[in-house]
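Taking my numbering, the leading residue of the sequence shown gets 273, the next gets one more, and so forth.
Think of the CB as a built atom: it goes at the ideal place given N, C-alpha and C, for glycine as much as any other residue.
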Amino acid sequence: MKVIIVEDEFLAQQELSWLIKEHSQMEIVGTFDDGLDVLKFLQHNRVDAIFLDINIPSLDGVLLAQNISQFAHKPFI
Numbered sequence: 273m274k275v276i277i278v279e280d281e282f283l284a285q286q287e288l289s290w291l292i293k294e295h296s297q298m299e300i301v302g303t304f305d306d307g308l309d310v311l312k313f314l315q316h317n318r319v320d321a322i323f324l325d326i327n328i329p330s331l332d333g334v335l336l337a338q339n340i341s342q343f344a345h346k347p348f349i
């Protein structure tokens with residue numbers, strides 16, 4: 273399962289990355305701290321799930337989730 277992490281706090285991003293790598297079979301294919309960067313990435317890449325923080329720069333997590341829901345392939349959020 274391919275996943276991305278969207279978290280603007282570096283320590284939280286690192287901790288979540290570590291937990292996923294140590295305790296799951298998921299493959300982290302990207303980490304982001306900005307909602308607009310996530311949309312650009314998803315235009316050219318397909319993921320199965322997104323670990324999404326609500327409070328992120330440029331495009332908050334709620335608006336980002338609404339935008340992602342318009343994609344043909346809808347990852348779990």
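Can you name the start and end residues of the beta strand (DSSP E) that residue i belongs to?
{"i": "PHE304", "result": "299 to 304"}
One question on the structure: do residue i and residue j come within less than 8 Å of each other, judged by their Cβ atoms?
{"i": "VAL334", "j": "ILE326", "result": "yes"}
Applying the 10 Å Cβ sphere with the 16-neighbour rule, what's the burial state of residue i?
{"i": "ILE277", "result": "buried"}
{"i": "PHE343", "result": "exposed"}
{"i": "LEU283", "result": "exposed"}
{"i": "PHE304", "result": "buried"}
{"i": "GLU279", "result": "buried"}
{"i": "PHE348", "result": "exposed"}
From the DSSP secondary-structure annotation, give me the bridge partner or partners of residue i.
{"i": "LYS293", "result": "The partner list for LYS293 (beta bridge, DSSP) is empty, contrary to what the question assumes."}
{"i": "LEU324", "result": "VAL278"}
Over the uninterrupted alpha helix (DSSP H) stretch that includes residue i, give me the two end residues.
{"i": "PHE343", "result": "Where PHE343 is concerned, there is no enclosing alpha helix (DSSP H), given that its DSSP letter is neither H nor E."}
{"i": "ASP332", "result": "Per DSSP, ASP332 belongs to no alpha helix (DSSP H) and is neither H nor E."}
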